[in-house]
Each structure stands twice: as C-alpha cells, then as structure tokens.
Amino acid sequence: MKKLVIFCDFDGTITTQDNIISIMKKFAPPEYLPIKENILGQKQSIREGVSDMFALLPVSLKEQINSYLLEQAQIREGFAEFVSYTKVNNIPLYIVSGGIDFFVQPMLEPFGPFSDIYCNESDFSGDSIRINFPHGCDEQCTNQGCGCCKPSIIRKLQGSDTLSVVIGDSITDLEAAKLADIVIARDFLIEKCEELNIPYEPFESFHDVMHILDAKLGVEV
Ligand code: MG
Ligand code: ZN
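Under our numbering, the sequence shown has 133 at position 131, and the numbering climbs by one with no breaks.
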C-alpha cells in the first residue's frame, strides 16, 4: 500500500488571502499591477515577477508590513485540526510556499512543527526588499523560473511508494499539480486544472480536505 505525503501551499490555501498580493495592494505603487497580471498570465516567471514586485518596496517599510500582515491575515478554517489529523495518521506534511520567510514562518509558528517548510527568503540589507530563492528549479522542471520550485521539492521528497497530495489555490501550484497523484484545489487552481484536464477535488475549508483524505486513507491505489 502506498503512503500519503502532503505538499501544502501557504498563501491563499492555509491563509484565506494571498499575502504577497495583500502587501502589494497596501504598500506598492500601481506598477505592481501589470507584473501581477503577467505572472498570472504566465508571461513572466514567478521568480522574476516576485522579485520585481518586492523591488518596488523600500526596506524601511519592514515593520509596517509585518504588523499589517499579522493583523489582517486569516488562517483558513480547520487548519489546526488538519495539522493534528496528519500527525495522528502519520502523514508527512510539507509546507511548500511561494511566499516569503518573514511572514510564512511567524504565521505558521503556532501550528508547527511540520515535516518541513519551504519558502523564499527576504533580504532587507539594501534600499529595496530583495528576495532570494533557495529552492530553485531542478533540471527536470519544465517551467524554470518557479521561484520556490514545488515540483523539484516533490521529486526530491517522494519515493516510489508514496502518493503525493498537492493542496493549493493558484498558479504557483500548477506545476506541482501536474506531478501530484492527488490534487486538492480551490480558486484559480481549479480553473487551470479544468483547462488542462488535471483531475482534482475542490475544497474550501480544511474540514473538506480531511474528508477527501479520509476517502483515500486505507484505499489501495
Ligand atoms: Mg497560493
Ligand atoms: Zn520549477
């Protein structure tokens, strides 16, 4: 029997909103808008687009951005129960996020520890915010430019006896969804799965996710 391994997105999946977009809406000049559209339309790589958007923000905003996010970010319903559920059922839970360490780490802290957290890193040492990408694309990634390359991480962590579950909401999850055995999707990722004929199960809360996984647990695939 195969063993489930979960790869869960952060922004718009664990949190109800995308934190990068929240930051840009509140703090960036309107120049961020075409960059955002280019990323969603796959006209610019995620890696380059995220760098370009953060380069619009002076590092002096750091404290304001942090307190704004921690104040307004909401964790999706059922997440704490879901984390316990994975522990009880011995299912590894990896957080794979195109988000940035300075908000991903503190928001997840109360719920951890996790099998691991993969995300991008921030550098506040210059004039504007710089983003570093320690989890880049491997040679097999057909996308190249993911930023935090979810398919590369999945390839690294999945064995021949694992069934990979990808939970996500948007374009940064698409390459991972193509590789996953089970896709649990909401929002824009649903549209992309429909468009590309990738089988998926829809979710809104983590209670839905647990119901979907219950049906998979103990089932020979
Ligand atoms: Mg997301
Ligand atoms: Zn990649």
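All residues carry an ideal CB built from backbone N, CA and C; glycine is no exception. Just so it is clear, the structure is predicted and the values come from calculations on it, not from any experiment.
8 Å contact criterion, which residue i and residue j should meet: CB distance rounded
| i | j | result |
| --- | --- | --- |
| Gln74 | Ser24 | 7 Å |
| Ile214 | Phe205 | 7 Å |
| Phe56 | Ile119 | In fact, because the Cβ distance is near 19 Å, the residues do not count as touching under 8 Å. |
| Leu165 | Lys45 | Leu165 to Lys45, Cβ: 34 Å. No contact. |
| Thr174 | Ile48 | 6 Å |
| Glu33 | Leu58 | 6 Å |
| Ile22 | Val52 | 7 Å |
| Ile16 | Phe81 | 6 Å |
| Cys195 | Ala182 | Cys195 to Ala182, Cβ: 10 Å. No contact. |
Selection from the options that minimises the alpha carbon distance to residue i
| i | options | result |
| --- | --- | --- |
| Leu191 | Tyr202, Leu181, Tyr96, Glu39 | Tyr202 |
| Ser99 | Glu83, Val168, Lys27, Pro204 | Val168 |
| Pro36 | Gln160, Phe9, Asp54 | Asp54 |
| Met109 | Gly161, Asp171, Phe12, Lys218 | Phe12 |
| Ile20 | Ala179, Lys180, Gly170 | Looking at the sequence itself, residue 20 is Asp, so the reference to Ile does not match. The candidate whose alpha carbon is nearest that of Asp20 is Gly170. |
| Cys10 | Asp216, Met26, Val185, Glu196 | Val185 |
| Pro115 | Gly128, Ile97, Ile200 | Ile97 |
| His137 | Cys151, Asn145, Asp125, Gly147 | Cys151 |
| Glu83 | Ser162, Val211, Glu196, Gly14 | Val211 |
| Asp125 | Glu197, Gly51, Lys27, Ser62 | Ser62 |
| Lys158 | Cys139, Gly149, Gln146, Thr144 | Cys139 |
| Lys180 | Asn145, Asp189, Thr88 | Asn145 |
| Gly101 | Ser162, Cys148, Asn199, Phe29 | Cys148 |
| Gly161 | Glu193, Glu197, Pro94 | Pro94 |
For residue i, three-class secondary structure by DSSP
| i | result |
| --- | --- |
| Gly14 | coil |
| Glu203 | strand |
| Val223 | Note that Val223 has pLDDT 43, beneath the 50 cutoff, so the model's placement of it is unreliable and the number below is only indicative. Val223: coil per DSSP, three-state reduction. |
| Asp216 | helix |
| Phe9 | strand |
| Val211 | helix |
| Ser166 | strand |
| Lys4 | coil |
Boundaries of the beta strand (DSSP E) in which residue i is found, first to last residue
| i | result |
| --- | --- |
| Ala187 | 184-187 |
| Ile133 | 132-134 |
Terminal residues of the alpha helix (DSSP H) in which residue i lies
| i | result |
| --- | --- |
| Glu177 | 176-181 |
| Glu193 | 190-198 |
| Ser154 | 152-159 |
Min CB distance residue i to chain D below 9 Å
| i | result |
| --- | --- |
| Pro108 | Absent from the structure is chain D; it holds one protein chain and no more. |
In chain order, which alpha helix (DSSP H) runs of at least 4 residues are fully inside the stretch 90-123? 103-110
*asked:* Just to confirm the assignment: which complete alpha helix (DSSP H) runs, minimum length 4, are found wholly within the stretch 21-83?
replied: 21-29, 34-42, 48-56, 64-74
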